[in-house]
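Numbered according to the numbering used here, the sequence shown spans residues 7 to 326.
Each residue gets a CB set at the ideal place from its N, CA and C atoms; glycine is no exception.
It should be emphasised that the depicted structure is a prediction, and the values quoted were computed from it without experimental measurement.
Down below is the structure, laid out as structure tokens.
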Amino acid sequence: MIERAKKEGEFASLAPMAGVTDHVFRSMCKAYGAAFTVTEMVSAKALTLGDCKSRTLMSLSDEERPAGIQLFGSDPEIIAESIGQALQFNPAFIDINMGCPAPKIVRGHAGSALMKDPGTAQKIVSEAVKRSNVPVSVKMRIGWDEETKNHVEFAKAMEAAGAAFLTCHGRTRAQMYAPPADLQAIAEVKRAVSIPVIGNGDVFTPQDAKKMYETTGCDLIAVGRGCLGRPWLFRQINDYLLTGSFSEPDKSEKMRVMRLHAKRICEEKGEYGGILEVRKHALWYTKGMRGAAKLRNRFSTLSSLRELDLLSEIICGQDA
Ligand SMILES: Cc1cc2nc3c(=O)[nH]c(=O)nc-3n(C[C@H](O)[C@H](O)[C@H](O)COP(=O)(O)O)c2cc1C
Numbered sequence: 007m008i009e010r011a012k013k014e015g016e017f018a019s020l021a022p023m024a025g026v027t028d029h030v031f032r033s034m035c036k037a038y039g040a041a042f043t044v045t046e047m048v049s050a051k052a053l054t055l056g057d058c059k060s061r062t063l064m065s066l067s068d069e070e071r072p073a074g075i076q077l078f079g080s081d082p083e084i085i086a087e088s089i090g091q092a093l094q095f096n097p098a099f100i101d102i103n104m105g106c107p108a109p110k111i112v113r114g115h116a117g118s119a120l121m122k123d124p125g126t127a128q129k130i131v132s133e134a135v136k137r138s139n140v141p142v143s144v145k146m147r148i149g150w151d152e153e154t155k156n157h158v159e160f161a162k163a164m165e166a167a168g169a170a171f172l173t174c175h176g177r178t179r180a181q182m183y184a185p186p187a188d189l190q191a192i193a194e195v196k197r198a199v200s201i202p203v204i205g206n207g208d209v210f211t212p213q214d215a216k217k218m219y220e221t222t223g224c225d226l227i228a229v230g231r232g233c234l235g236r237p238w239l240f241r242q243i244n245d246y247l248l249t250g251s252f253s254e255p256d257k258s259e260k261m262r263v264m265r266l267h268a269k270r271i272c273e274e275k276g277e278y279g280g281i282l283e284v285r286k287h288a289l290w291y292t293k294g295m296r297g298a299a300k301l302r303n304r305f306s307t308l309s310s311l312r313e314l315d316l317l318s319e320i321i322c323g324q325d326a
């Protein structure tokens, strides 16, 4: 999948982001040339308890494929048990979350807490591999904290357990989302294993993507925060890595994409519920945009698609 994507000129995948990478966002990023997409993290335990909302998170449409389903949990048996449900949605792969730093997740010994317990992490992967007829991958950090960085041994353990590829976010759990991602550590992971390694962390521009490739030797890049309000970043990265140049959509094109995104969210979730979600995306789309700063309060209290249209017309009417 990774090699095929690059042959087709797709150099970056969409990183999983809870509360963001839903069906609509995944299909938009795919349309802009994301190599593949991944669902928001889904609780294996909730799946085994029959939770419908968790099951809905795994629903995949053709527009967002190839797509993986990301599971989180701490119990190898429960993760293995949930795999069957995930497979019903025909994912291209199943990813296990070993990077989430959120207190709620690590308190349950899941997410990045698994980096402190490579034995359990290994069992999770080997049990998942036994139950899965699609590749199982791992999303990891570079350790729990500075004192216990174990990215190289951890990556090797995941490879030995049967992981098909790794996505490595170049920070420890303690670092959360700052300081800058450690690209050297990702390079160390890449050198330590023979399975593909996807480099992740701080790719906000096409130039960042090039630096990630050159510094780490990674096989692909995963983009998270960089594409919030900027799904066209995937096309820019692909253009830049193929031709050395890329173009920036103008303000009216950006507003057109924002309105399309909002409309699709509301089609999917209804305008009443959808508009709450549209608010956060609208703030991302207009961040730093001339003329948008004084409208931020209005975006954060947005109540209809009609209001979004009016605000975007005001922004487009400002000087470029
Ligand atoms: C809002 C948000 C939600 C996230 N949710 C997930 C998640 O569900 N699963 C996961 O493995 N990582 C999650 N992450 C981490 C990202 O996938 C990624 O590893 C991290 O943001 C670093 O990449 P970036 O610098 O490109 O954003 C999340 C990050 C953000 C900002």
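Separation of residue j from residue i, as counted between CA atoms
i	j	result
Ala170	Val142	6 Å
Glu273	Asn156	45 Å
Leu248	Ala228	17 Å
Ile8	Leu226	7 Å
Ile320	Ser80	49 Å
Trp150	Leu308	39 Å
Gly297	Cys322	8 Å
Gly90	Arg137	7 Å
Ser258	Met64	33 Å
Val112	Ala119	5 Å
Glu254	Trp238	9 Å
Lys51	Lys300	44 Å
Arg10	Leu266	29 Å
Val26	Gly276	17 Å
His115	Arg304	40 Å
Gln324	Val284	22 Å
Arg336	Gly223	The question about residue 336 has no answer here: the residues shown for the chain are numbered 7 through 326.
Leu234	Ala288	10 Å
Pro109	Pro186	21 Å
Given residue i as reference, the closest of the options once Cα atoms are compared
i	options	result
Thr221	Glu283, Gly176 and Gln242	Gly176
Gly105	Ser310, Gly232 and Gln181	Gln181
Phe95	Glu70, Tyr278, Gly207 and Gly79	Glu70
Ala215	His287, Asp245 and Ala98	Asp245
Thr292	Ala268, Ser318 and Lys12	Ser318
Leu53	Arg262, Glu83, Arg113 and Leu308	Glu83
Glu340	Ala37, Tyr38, Leu66 and Gly39	Outside the displayed range of the chain (7 to 326) lies residue 340, so it cannot be described from this structure.
Cys174	Met146, Pro186, Thr154 and Asp151	Met146
Gly117	Leu266, Gly232 and Ala24	Ala24
Ala21	Phe31, Pro186 and Lys13	Phe31
Thr126	Ile102, Asn139 and Val140	Ile102
Gly230	His29, Glu277 and Gly207	Gly207
Pro212	Cys224, Lys196 and Gly232	Gly232
Ala41	Glu16, Leu314 and Gly74	Glu16
Thr178	Glu152, Ser49 and Pro202	Glu152
Asp188	Val203, Phe210 and Met218	Met218
Glu133	Glu159, Ile100, Lys162 and Gly114	Ile100
Glu159	Tyr38, Gln128, Glu283 and Cys58	Gln128
Leu172	Ile148, Ala198, Arg197 and Ile204	Ile204
Val209	Ser88, Gln242 and Lys275	Gln242
Thr62	Leu55, Pro72 and Val48	Val48
Val44	Ile130, Gly279, Val144 and Val195	Val144
Ser135	Lys122, Ile148, Ala92 and Arg285	The identity of residue 135 in the sequence shown is Val, whereas the question assumes Ser. The residue with the shortest Cα to Cα distance from Val135 is Ala92.
Arg197	Ile75, Ala184, Pro185 and Ala161	Ala161
Leu282	Asp256, Pro107, Glu313 and Phe252	Glu313
Endpoints, alpha helix (DSSP H) assigned at residue i
i	result
Thr222	Pro212 to Thr222
Val263	Lys257 to Lys275
Ile8	Ile8 to Lys13
Gln242	Leu239 to Thr249
Arg61	Cys58 to Thr62
Span of the beta strand (DSSP E) around residue i
i	result
Leu172	Leu172 to His175
Val195	First-last for Val195: Leu189 to Ala198, but that is the alpha helix (DSSP H), not the beta strand (DSSP E).
Thr43	Thr43 to Ser49
Leu226	Leu226 to Val229
Ile339	In the structure as shown, the chain begins at 7 and stops at 326. Residue 339 is therefore absent and cannot be evaluated.
Every unbroken alpha helix (DSSP H) within the segment 78-162, with a cutoff of 4 residues, ordered by chain: 82-93, 109-113 and 124-137
For ligand 1, residues whose Cβ lies under 7 Å from any non-hydrogen atom: Ala21, Pro22, Met23, Ala24, Gly25, Val26, Glu46, Met47, Gln76, Asn103, Gly105, Cys106, Lys145, His175, Tyr183, Ala187, Asn206, Gly207, Asp208, Val209, Ala228, Val229, Gly230, Arg231 and Gly232
Runs of alpha helix (DSSP H) wholly within the segment 15-39 (minimum 4 residues, chain order): 29-37
Contiguous alpha helix (DSSP H) assignments of at least 4 residues, all confined to the segment 270-314: 277-292 and 302-306, all fully within the segment 270-314.
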